[in-house]
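J.: One structure is given below, represented as structure tokens, and several questions about it will come after.
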Amino acid sequence: MLNALDRAKQKRTMADLRTVSSAIEHYSVDNTNYPMVNTIAGLQSALVPLYTESIPSEDGWSNTYVVDSVPFEYTIASGGKDGGAINVVGGETAYFDDAIIFANGQFYQWPAGKQQ
């Protein structure tokens, strides 16, 4: 039962990251670069309401998203279930505590398969 709840939180987090990325990409079309921000609040100021109705501040586990956006690249990340440091390994991950990372229009690190 707990795995199902955590899996739902992962899916919500991944959907949020896709939505935020879409808004960032629309911003870049109009501005020829990505917004220069390093907080979720800064990203919200840059994108809402022109590019999206809202941007969630927290992932599925109620941890604040980590944002780094400069003119030609951006990263939005969730620290995973434990909300810990964003440990970057890239590719598929197998633990709920692993970070989920979306960078420059695609997932850089994501959960896949059975999670522990």
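Residue 50 in my numbering is what sits at position 47 of the sequence shown, and the numbering runs on without skipping anything. Each residue gets a CB set at the ideal place from its N, CA and C atoms; glycine is no exception.
Alpha carbon to alpha carbon, how far is V32 from N66? Give it in angstroms, no decimals.
T.: As a working note, residue 66 is residue 63 in the sequence shown. As a working note, residue 32 is residue 29 in the sequence shown. Taking the straight line joining both Cα atoms gives about 30 Å.
J.: From the DSSP output, in three-state form, read off T22 for me.
T.: As a first step, residue 22 is located in the sequence shown; it is residue number 19 there, counting from the start. Note: T22 maps to helix in three-state DSSP.
J.: Please go through the same chain and pick out, in chain order, the residues whose beta-carbon is closer than 8 Å to the beta-carbon of P74, but skip the five residues on each side of it.
T.: Within the sequence shown, the letter at position 71 stands for residue 74. Only N36, Y37 and M39 meet the Cβ criterion.
J.: If we count the other Cβ atoms within 10 Å of its Cβ and call it buried at 16 or more, is A88 buried or exposed?
T.: Here residue 88 is taken as the residue at index 85 of the sequence shown, counted from 1. Classification of A88: exposed, given that the 10 Å Cβ count is below 16.
J.: Any idea which residues DSSP pairs S81 with across the strands?
T.: Here residue 81 is taken as the residue at index 78 of the sequence shown, counted from 1. The partner list for S81 (beta bridge, DSSP) reads I103.
J.: So for Q118, helix, strand or coil by DSSP?
T.: Working through the sequence shown from its first residue, we reach residue 118 at position 115. Coil at Q118, not helix or strand.
J.: Between E169 and Q13, what straight-line distance do the alpha-carbon atoms span, to the nearest angstrom?
T.: Because the chain spans 4 through 119 in this model, residue 169 falls outside it and cannot be assessed.
J.: Which one or two residues does DSSP pair with T96 in a beta bridge?
T.: Sequence index remark: in the sequence shown, residue 96 carries index 93 (1-based). Answer is P114.
J.: Compare the beta carbon distance of D19 and D62 with 8 Å and say whether it is the shorter of the two.
T.: Taking the first residue of the sequence shown as position 1, residue 19 is located at position 16. Taking the first residue of the sequence shown as position 1, residue 62 is located at position 59. Cβ atoms of D19 and D62: closer than 8 Å.
J.: Where does the unbroken alpha helix (DSSP H) through S48 begin, and where does it stop?
T.: Mapped onto the sequence shown, residue 48 falls at position 45. Here the alpha helix (DSSP H) through S48 covers I43 to L50.
J.: Report the residue from A11, P59 and N6 whose alpha carbon sits nearest the alpha carbon of I43.
T.: Residue mapping note: residue 43 aligns to position 40 of the sequence shown, counting from 1. Here the closest residue by C-alpha is P59.
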